[in-house]
Amino acid sequence: MSFKYIYSISDDFPNQKVNEEALVYEIRMSDITVALDYVYIRDQVECEIYFKAELSEGEQTLLDNIVYGHTGEPLENSILPEIGFQRMQIVDSDTQIVDVDDNGRLRVMASVIPKEHQLAGPEHLGQLVDDQIPSFIPRNTDLTTLSGILHQEVVDFASNYYDKTVMDSLLAEKAPLAHDHDLRYYKKIEVDSMLITTHSGLAGLLSDDHPQYLNDERGDTRYYTKSFINTLSGTLQTEINSKSDLGHVHNDIYYTKDVIDNYLDQKADINHVHEHKDLTGLTNDDHPQYLLIDGSRSIMGDLVIEGNLLVSGTQFISQTETVIINDNILVLNNGEVNQGVTAGIAGIEIDRGLLDNYRFLFSEHAKTFVV
């Protein structure tokens, strides 16, 4: 059975060319397989669809779905995306079957297969007649015939395979629990019964039949047993008590714990005196041998400094009549970092009371000594 699609090409594509060699489009939807051949004829494209059987009412619905989609909405056009269609008709001879609305495009879901890449197979049903594929069951086969075919398939299958019931029965006969091994082997239950798992189970040997070993109740001449010590009495017990710490009175070489505890209680610093001034007979300044930080105490005697004497003030004043320097060089302007005397002069000034002071100077400008 065949139907012919007639597509009217829009005026926008009057010179549209289609490949001279016809293309084949394969549409698969549910169990309907169709093959489409189309050719370009002036201002329209004819596309024939071949079906393997008569269309039933349900198949007609599926055919509508090919064009409109399952939801009733047109599907995306993937057959001829380059051509805009104004109208499409599906006809059988001269009888119109379906009219497609004027939406301007054909909406069909399809996959494109160029004709030069076609492979012979049941997909191209356009070359086949009804019932030409023996590997398929015809769609118009009645239920009785179909049931017979399926039953025969089941019988053929069962003749080559064991079903679950048969296999369970065969495996049960071969299971280790159901099988009696011959005399070359022991059963598990026999081996378990022969295993000795307790010491007393050994023939001719009791649990304490090892006199060479010590235990809680057995000792030797070198040791006392635990039970003997626990029940010790008599002379040995008296001797032990006399030698123990509880029974021994220390002589005057040692202090006992009680004596030491009593002595510490009597001499302990109960009031926890930690301040220096709080100590009896001593104030915070009861150390005249030390200098005070405020400078109010003078040094009575010679001050010997083993290291350097660094003075950070502006003056170093000596109230003695004579300052004696043992070194043969007196350095002035010490620490100069620039070239020459930055201050311009360096020397010694002599205080003359009411008269002008005299200076013995080195002049950086004159590069000589002046008075």
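In this note's numbering, the protein residues as written are 101 to 471.
All C-beta atoms in this analysis are idealised placements derived from N, C-alpha and C, irrespective of residue type, glycine included.
Using 10 angstroms around the beta-carbon of residue 461, count the other beta-carbons present and answer buried if the total reaches 16, otherwise exposed.
buried
How many angstroms separate the CA atom of residue 285 from the CA atom of residue 265?
31 Å
Just the C-alpha distance for residue 428 and residue 434, rounded to the nearest angstrom, thanks.
16 Å
Check this for me: beta carbons of residue 450 and residue 457, under 7 Å apart or not?
yes
What are the partner residues of residue 463, as DSSP defines its beta bridges?
445, 468
Can you tell me where the alpha helix (DSSP H) with residue 327 in it begins and where it stops?
326-330
Output needed for residue 339: all residues of its chain with C-beta closer than 7 Å, excluding positions within five of it in sequence on either side, in chain order.
Correct list: empty, nothing qualifies.
Less than 6 Å separating the Cβ of residue 414 from some heavy atom of the ligand PLP?
As presented, the structure is devoid of all ligands, the ligand PLP included, so that no description of it is given.
With H, G and I counted as helix, E and B as strand and the rest as coil, what does DSSP make of residue 363?
The three-state reading of DSSP puts residue 363 in helix, counting H, G and I together.
Can the beta-carbon of residue 464 be found less than 7 Å from the beta-carbon of residue 441?
yes
Tell me which same chain residues have a C-beta within less than 7 Å of the C-beta of residue 454, skipping the five on either side of it?
none
Taking the Cβ atom as the reference point for each residue, do residue 446 and residue 430 lie within a distance shorter than 7 Å?
no
When we look at the beta-carbon of residue 191 and count the other beta-carbons within 10 Å, is it buried (16 or more) or exposed?
Note that residue 191 scores a pLDDT of 37, beneath 50, so its modelled location is shaky; the value from the coordinates is reported in the next line. The residue is exposed, with fewer than 16 neighbouring Cβ atoms inside 10 Å.
Is residue 405 helix, strand or coil by DSSP?
coil
Looking at residue 403: is its Cβ nearer than 7 Å to the Cβ of residue 397?
no
Going by the DSSP bridge assignment, what does residue 450 pair with across the sheet?
Bridge partners of residue 450: 458.
Indicate the three-state DSSP secondary structure (helix, strand or coil) for residue 82 in the structure shown.
Summary: the structure shown does not reach residue 82, with the chain confined to residues 101 through 471, and so no result is reported for it.
To the nearest angstrom, report how far apart residue 336 and residue 361 are at their CA atoms.
Straight-line measurement puts the Cα of residue 361 at about 33 Å from the Cα of residue 336.
How big is the Cα-Cα spacing for residue 393 and residue 412?
16 Å
In whole angstroms, what separates the C-alpha of residue 303 from that of residue 296?
10 Å
Using C-beta distances below 8 Å, list every residue in its chain close to residue 471, excluding the 5 sequence neighbours before and after it, in chain order.
Once the five neighbours on either side are set aside, the close Cβ partners of residue 471 are 458, 459, 460, 461.
Pull up the distance between the alpha-carbon of residue 425 and that of residue 387, whole angstroms please.
About 34 Å.
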